[in-house]
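Trainee: Reading the sequence shown from the start, the letters are residues 1 to 306 in my numbering. The C-beta atom is built at its ideal place from N, Cα and C for all residues, glycine as well.
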Amino acid sequence: MTDSLEGVQRITRPTIPPPVPRDAHKGSMGKVLCIAGSPEMPGAAQLVLRAAQRGGAGLVALAVFQPELFDRVAPILPEAIYLDCCRSKALFAGRLPDEIENYASDVRVAGPGLNSSGRTRELVRRLVEAPYEGPLVLDADALNVLAGVPEVLTMSQSQVVLTPHPGEAERLLDRPIPSDEAGRIDCALELAQRSNAVCVLKGPHSIVTDGARLFLNPSGSPSLATAGSGDILAGLVGAYLAWSVRCQDPEFGLFEAVCSAVHVHGLAGEWAAREFGERGTIASDILQCLARAQKAFEESASSPSA
Numbered sequence: 001m002t003d004s005l006e007g008v009q010r011i012t013r014p015t016i017p018p019p020v021p022r023d024a025h026k027g028s029m030g031k032v033l034c035i036a037g038s039p040e041m042p043g044a045a046q047l048v049l050r051a052a053q054r055g056g057a058g059l060v061a062l063a064v065f066q067p068e069l070f071d072r073v074a075p076i077l078p079e080a081i082y083l084d085c086c087r088s089k090a091l092f093a094g095r096l097p098d099e100i101e102n103y104a105s106d107v108r109v110a111g112p113g114l115n116s117s118g119r120t121r122e123l124v125r126r127l128v129e130a131p132y133e134g135p136l137v138l139d140a141d142a143l144n145v146l147a148g149v150p151e152v153l154t155m156s157q158s159q160v161v162l163t164p165h166p167g168e169a170e171r172l173l174d175r176p177i178p179s180d181e182a183g184r185i186d187c188a189l190e191l192a193q194r195s196n197a198v199c200v201l202k203g204p205h206s207i208v209t210d211g212a213r214l215f216l217n218p219s220g221s222p223s224l225a226t227a228g229s230g231d232i233l234a235g236l237v238g239a240y241l242a243w244s245v246r247c248q249d250p251e252f253g254l255f256e257a258v259c260s261a262v263h264v265h266g267l268a269g270e271w272a273a274r275e276f277g278e279r280g281t282i283a284s285d286i287l288q289c290l291a292r293a294q295k296a297f298e299e300s301a302s303s304p305s306a
């Protein structure tokens, strides 16, 4: 491959999550806090929340900054918790809203559907600087406001996970992203190393790397090339990370959880393509196939070839 792969460990198989214990309850399955969506893009919040729920998180919350967003999301997802940040002036005072700070989440997921406004820029800055040690997943607009300066993430106390598509990665690195596999790997490694984060560079055979380990995801389909697919991945990554935090299994750490979520997301795309066709699949179809893809992945642990 390339010189940048010297000393990088290649991971060939994703790790199947530890099973759910018989005495599990919603609190023990992990809490995911999502900061996503806007009145213009309520669907992003809906997809992130539902994917986190389908991914197994026991409690999923949405921080809401506009009443219109609550009106458009809550009737569709009654199982979620909603944190009312609409009246908060905290960001103007240089801090996170108390509703976010005081919510005891295992994972924070931010970015899908937020837009690239000054408020989003300030919000991401405060999330990065917060004294929060759980995983922080940054996607979509949370990445766009960091264009050209991924190094700022090295100051975070959180375990940061980035999930850029090639356009977002290009803005982060301020250079073109090649389409060949070797070039994509170089870019993913550079981004992970410059940000001290786990990077998921989405695309055909999505790349997961923390700069020291590398996983090329074998699952997936062109059906995933549709609006909202990345929002589903962000929510699913959040759920798997929450389970990693809760289960405390040394074989299912942060990197393993991200690889598994990426793999299951790809499997869901394959299931959707079989049912709806690669051209006809939309994000809601992928979400519909998520549970069965996840179940098939977990059951593969007992298959003869596993």
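1) As an exercise, report each continuous beta strand (DSSP E) stretch of at least 3 residues that is fully enclosed by the stretch 65 to 106, in chain order.
2) Three-state secondary structure (DSSP) at leucine 201?
3) Buried or exposed for alanine 93, going by 16 or more other Cβ atoms inside 10 Å?
4) Can you grab the Cα-Cα spacing for the pair phenylalanine 276 / glutamine 288, in whole Å?
5) Spell out a yes or no on whether the stretch 109 to 124 and the stretch 29 to 42 are touching, meaning 3 or more CB-CB pairs, one atom from each, closer than 8 Å.
6) Output the boundary residues of the beta strand (DSSP E) element that contains valine 137.
7) On the premise that glycine 228 lies in contact with glycine 56, defined as a C-beta separation below 8 Å, what is that separation, rounded to the nearest angstrom?
8) In terms of residue numbering, what span does the alpha helix (DSSP H) encompassing glutamine 53 cover?
9) Going by DSSP in three states, histidine 165 sits in which element: helix, strand or coil?
10) Tell me which same chain residues have a C-beta within less than 6 Å of the C-beta of valine 245, skipping the five on either side of it?
11) Are the stretch 208 to 219 and the stretch 248 to 263 touching by the rule of at least three beta carbon pairs closer than 8 Å?
12) In terms of alpha-carbon separation, which member of Glu133, His265, His25 and Asp71 lies closest to alanine 234?
13) Considering only their Cβ atoms, is the gap separating arginine 95 from arginine 126 smaller than 8 Å?
14) Go ahead and pull the three-state DSSP assignment for alanine 63.
15) Under a three-way DSSP split, which group does valine 160 fall into?
16) Let me know the beta strand (DSSP E) ranges lying completely inside the stretch 211 to 295, each 3 residues or longer, listed in chain order.
17) In the structure shown, what three-state DSSP assignment does threonine 15 receive?
18) Nearest CA to the CA of glutamate 151: which residue from Arg279, Asp141, Val128 and Asp139?
19) Take the Cβ of threonine 2 as the centre, count every other Cβ of all protein chains shown within 10 Å, and call the residue buried at 16 or more, exposed below.
20) Give me, in chain order, the residues of the same chain whose beta-carbon lies closer than 7 Å to that of alanine 293; leave out the 5 immediate sequence neighbours on both sides.
21) From the DSSP output, in three-state form, read off isoleucine 185 for me.
Mentor: In this structure, then:
1) Here the runs fully enclosed are 81 to 84.
2) Strand, per DSSP.
3) Exposed, because fewer than 16 other Cβ atoms sit within 10 Å of the Cβ of alanine 93.
4) Between phenylalanine 276 and glutamine 288, the C-alpha separation is close to 11 Å.
5) The stretch 109 to 124 makes contact with the stretch 29 to 42, as at least three CB pairs between them are under 8 Å.
6) In this chain, the beta strand (DSSP E) harbouring valine 137 covers 135 to 138.
7) The pair is not a contact, with the Cβ atoms about 20 Å apart (cut-off 8 Å).
8) Unbroken alpha helix (DSSP H) run through glutamine 53: 42 to 54.
9) Reduced to three states, the DSSP call for histidine 165 is coil.
10) Within the same chain, valine 245 has close Cβ partners Asp106.
11) Put simply, the stretch 208 to 219 touches the stretch 248 to 263. At least three CB pairs are less than 8 Å apart.
12) Comparing Cα positions, the closest option is His265.
13) In this structure, arginine 95 lies closer than 8 Å to arginine 126 by Cβ.
14) In the three-state reduction of the DSSP assignment, alanine 63 falls in the strand class.
15) Here valine 160 sits in strand by DSSP.
16) Listed in chain order, the complete beta strand (DSSP E) runs (minimum 3 residues) inside the stretch 211 to 295 are 213 to 216.
17) Three-state result, threonine 15: coil.
18) Of the listed residues, the one whose Cα sits closest to glutamate 151 is Val128.
19) With a pLDDT of 45 at threonine 2, under the threshold of 50, the modelled position of this residue cannot be trusted; read the value that follows with caution. Result: exposed.
20) Hits under 7 Å: Val264, Leu267, Ala268 and Trp271.
21) The answer is helix: DSSP assigns isoleucine 185 an H, G or I state.
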